[in-house]
RNA sequence: CGGGACGUGGCCUAGCUUGGUUCAGGGCACCGCGCUGGGGGCGCGGGGAUCGCGAGUUCGAAUCUCGCCGUCCCGACCA
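Residue numbers (the numbering used here): 1008 to 1585.
Laid out in structure tokens, this is it:
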């Protein structure tokens, strides 16, 4: 490829972008252009990277025995109605009508569609099956952001497994897990597998692959001691046990009201009334699928909403509004409590179990009660893990202190169970001739997001520093003096030699100054730069510069191709054995 | 969906508060010529904008008012 004929419109003049995050670099370096919010054109450089990313993931998927397919982006509404997700997906699903007036969904994921395909499976002998595709997903994101990081239109590698039983699913799941670990390793993304919530996918277990990064949107609870890692949506932590003696000391025969004028927060109450946060019961009011529900936590704990959703199975979840709360309880937030409330469902966090001598609101403004015995005074209908694990709490595995880090979710694997098998009526004949329902798994990697995450990890003040495996080009030949015929010819010759040696190479043959070529090569992020110039011509050598380290070594012209080929080979991890 | 900001040649932006000699100035990019030539070089010349859209106020609107659209950022959701 020749730089002079390639459309790489770099925007090199914004000093504020030094060390900028991936979306700015992709834009500046001529990788992407926005069409409108959440939709980007990929220019030649980006498409080259994308195809390499796809190639690596494809190799790893094939190596675990998965087969590539391609499913439509447009789906008839009926399929989604059968699984119940036509309603569940709400505004996030793009919908349209065809000329006949039939409802059509634009695919945001393909569980329903593969399950439809899988109705053709007829015997246990055909299981297990793993099918995957690279396909555009369309999601009407409420807030697209950060360039390729969060778009409304993106490529996803999604795969689906069908197994005879749970043990088989475990195996397919583990195969994907290992394929993902190898894929991210080859892509240069330091992703770590973390426990996660299943969300709207349903099912029993899921693992997210998260790339640690300050720009990430996910909070990951991580134990440096033993390696435990989980999304805060699912993370657990250990608490110091409650002190029974202190509880006993604060216990009363019955809850005793006391005036707390102006007190609205846990902190106010802790400060003025000898009621530390861990002695309070925090009462939140949520509307779960239309049902007003009291959610109880220890005063110093924060609710993790996803845990509430997972624990209740509710679809529509929102905090209640002040008006609704007053109508139901007769008080405003700040003075709420569950003591004596039997008209509303009550769900409480495990940390409140068996506590006594607690302080909580009295459901009368400016009044609280003390001496509350959870078992005696509160009608808790459901106990669940609802609190968000926090930094400094203890690891349930090894007891070490936990930390919370930010990360980018680049992949997610789910054990789906029978949700879609049921909806689509999947069935095969078992060994005994009786029908058996296959069990499903689903597995996704966001391709463009992986590119963005990779840059997030691999960039410096001069631009992108691609790992050789997915760089748009492995090497660039920079002709330092384009109008010097001897130099230009030597550049062409070295360029041809590199190509013949199997190096993915571009020659910068533009008629611009050497400095422009150098800075562009660095901004774009090509791993190896081969400089051909008057200086080297005299001594019969080129200079090979490593983008990552900045190191430059002189290499005789006839050795350049071999030298670069070896450097690239060394830098790239090959595919796993099939 | 709630909160905030912004919308001026391909890109970045000045002008807007205090409407009128600016029917819009600059930088980058682009075209031509010349000088340069190993780290974003210089000079001269040139092309390119009905100031997001629509109403309104006014003798006069990029500038003021209203509406709409769009984009970005902060919160609740996802690969």
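Note that beta-carbon positions come from the ideal geometry of N, C-alpha and C, so glycine has one too.
Every value quoted in this text rests on a predicted model; they were computed, and no experiment measured them.
A Cβ-Cβ contact shorter than 8 Å links residue 1528 with residue 1536.
As the crow flies, the alpha-carbon of residue 1304 is around 7 Å from that of residue 1310. The criterion of a C-beta distance shorter than 8 Å is satisfied by residue 1379 and residue 1346. A contact between stretches requires three or more CB pairs, one per stretch, nearer than 8 Å, and the stretch 1095-1114 meets this requirement with the stretch 1143-1162. Judged by DSSP secondary structure, residue 1213 falls within the beta strand (DSSP E) whose first and last residues are 1212-1219. Of the candidates 1082, 1185, 1152, 1032, 1185 places its Cα closest to the Cα of residue 1070.
Note on geometry: alpha-carbon atoms of residue 1462 and residue 1554 lie some 14 Å from one another. One alpha carbon belongs to residue 1239, the other to residue 1190, and they sit about 25 Å apart. In the structure shown, residue 1422 falls within a strand segment according to DSSP collapsed to helix, strand and coil. Pairing residue 1445 with residue 1165 gives a Cβ-Cβ distance that is not under 8 Å.
In summary, residue 1362 is buried, with 16 or more beta-carbon neighbours lying within 10 Å of its beta-carbon over all protein chains present. Sorting 1187, 1396, 1260, 1080 by C-alpha distance to the C-alpha of residue 1582 places 1187 at the top. Shortest Cα-Cα distance from residue 1377 to any of 1415, 1260, 1331, 1576 involves 1260. Under the three-state reduction of DSSP, residue 1400 is assigned to coil, being neither helix nor strand. Taking a contact as a CB-CB distance under 8 Å, the pair residue 1436 and residue 1029 does not count as one, their CB atoms being some 50 Å apart. Runs of alpha helix (DSSP H) with 4 or more residues, each lying fully within the stretch 1439-1487, are found at 1454-1464, listed in chain order. For the options 1276, 1257, 1111, the alpha carbon positioned closest to that of residue 1266 is the one of 1276. DSSP, reduced to helix, strand and coil, places residue 1416 within a strand of the structure shown. With 16 or more other CB atoms across the displayed protein chains lying within 10 angstroms of its CB, residue 1474 is buried. The Cβ-Cβ distance between residue 1353 and residue 1306 does not fall below 8 Å. In terms of Cβ geometry, residue 1137 and residue 1168 form a close pair [threshold 8 Å]. Residue 1517 and residue 1495 have their C-alpha atoms some 10 Å from each other. By DSSP's assignment, residue 1502 forms no beta bridge with any residue.
Counting the other Cβ atoms within 10 Å of the Cβ of residue 1037 gives 16 or more, which makes it buried. Taking the Cα of residue 1409 as reference, the smallest distance to any Cα among 1162, 1012, 1225, 1244 is reached at 1244. Distances from the CA of residue 1032 to each of 1314, 1548, 1320, 1460 were compared; the closest alpha carbon is that of 1460. Boundaries of the alpha helix (DSSP H) around residue 1316: 1312-1319. Residue 1184: member of the alpha helix (DSSP H) spanning 1173-1194, first to last residue.
Residue range 1559-1563 is occupied by the beta strand (DSSP E) that includes residue 1561. The C-alpha of residue 1079 lies about 8 Å from the C-alpha of residue 1114. Taking 8 Å as the cut-off, the Cβ atoms of residue 1404 and residue 1228 do not count as close. Residue burial annotation: residue 1233 is exposed, with fewer than 16 other C-beta atoms found within 10 angstroms of its C-beta. Closest in alpha carbon position to residue 1550, among 1202, 1485, 1327, is 1485.
Cα atoms of residue 1576 and residue 1358: separation of roughly 54 Å, rounded to the nearest angstrom. Per DSSP, the continuous alpha helix (DSSP H) segment holding residue 1332 begins and ends at 1329-1336. Contact between the stretch 1108-1124 and the stretch 1424-1434 is present, with at least three C-beta pairs closer than 8 Å.
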